[in-house]
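In our numbering, the protein residues as written are 24 to 189.
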């Protein structure tokens, strides 16, 4: 798993603007908003997850993108959603739920499933070979990612965090 952040997974770190200062969110920043999509037993889970994420990004003001940086950030989110949902479909008995949580600094993606395995980037990564690139892509695009086992022992949640565009 990635260890690129100086603070623990799930902790979104100090607010920007220095100690004691709080950055005022813009009208398009949905501070703390969570969106959920139930995917258990559905067909076309990857496309549904991507469409759901695209609509959330539109509602949150990431799309239509006003700049190349915003467009790239939105495309990264959609790619990571596709990779996480695809992995749940291929390796974990299918996804149960997709959750998106947006703050002024970070967009957190979570895909819950009932699988027992743990995703990991293939090592060594072989770019010329088909397949096996999903978690490598997630690792490269995200600030951090990880796996949380469900307390009842039935499955896990794979999460990834991407920086919100400035």
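Every residue, glycine too, gets a C-beta built ideally from N, C-alpha and C. Keep in mind it's a predicted model, so treat the numbers as computed, not measured.
To which residues does DSSP link residue i through a beta bridge?
i: residue 105; result: None; residue 105 has no bridge partner.
i: residue 182; result: 133 and 169
Apply the 10 Å Cβ neighbour rule to residue i and answer buried if 16 or more other Cβ atoms are within range, or exposed otherwise.
i: residue 135; result: buried
i: residue 131; result: buried
i: residue 186; result: exposed
i: residue 167; result: buried
i: residue 118; result: buried
i: residue 169; result: buried
When the Cα atoms are used, what is the spatial distance from residue i to residue j?
i: residue 146; j: residue 110; result: 17 Å
i: residue 89; j: residue 82; result: 14 Å
i: residue 180; j: residue 104; result: 13 Å
i: residue 193; j: residue 160; result: Here the chain comprises residues numbered 24 to 189, so residue 193 is not present and cannot be evaluated.
i: residue 165; j: residue 178; result: 23 Å
i: residue 175; j: residue 91; result: 43 Å
i: residue 86; j: residue 69; result: 20 Å
i: residue 138; j: residue 126; result: 29 Å
i: residue 115; j: residue 142; result: 10 Å
Using a threshold of 7 Å, is the CB atom of residue i nearer than that to any non-hydrogen atom of the ligand MG?
i: residue 57; result: Among the components modelled here there is no ligand, and therefore nothing to report on the ligand MG.
What did DSSP end up calling residue i once you bin it into helix, strand or coil?
i: residue 113; result: helix
i: residue 74; result: helix
i: residue 58; result: strand
i: residue 80; result: helix
i: residue 175; result: coil
i: residue 94; result: helix
i: residue 68; result: helix
Is residue i close to chain C, meaning its C-beta is less than 8 Å from at least one C-beta of that chain?
i: residue 172; result: Looking for chain C here will not work: only one protein chain is present.
Worksheet item: At what residue ranges does the stretch 119–172 contain a whole run of the beta strand (DSSP E), taking only runs of 3 or more?
Response: With a minimum length of 3 residues, the continuous beta strand (DSSP E) runs that stay inside the stretch 119–172 are 129–136 and 167–172.
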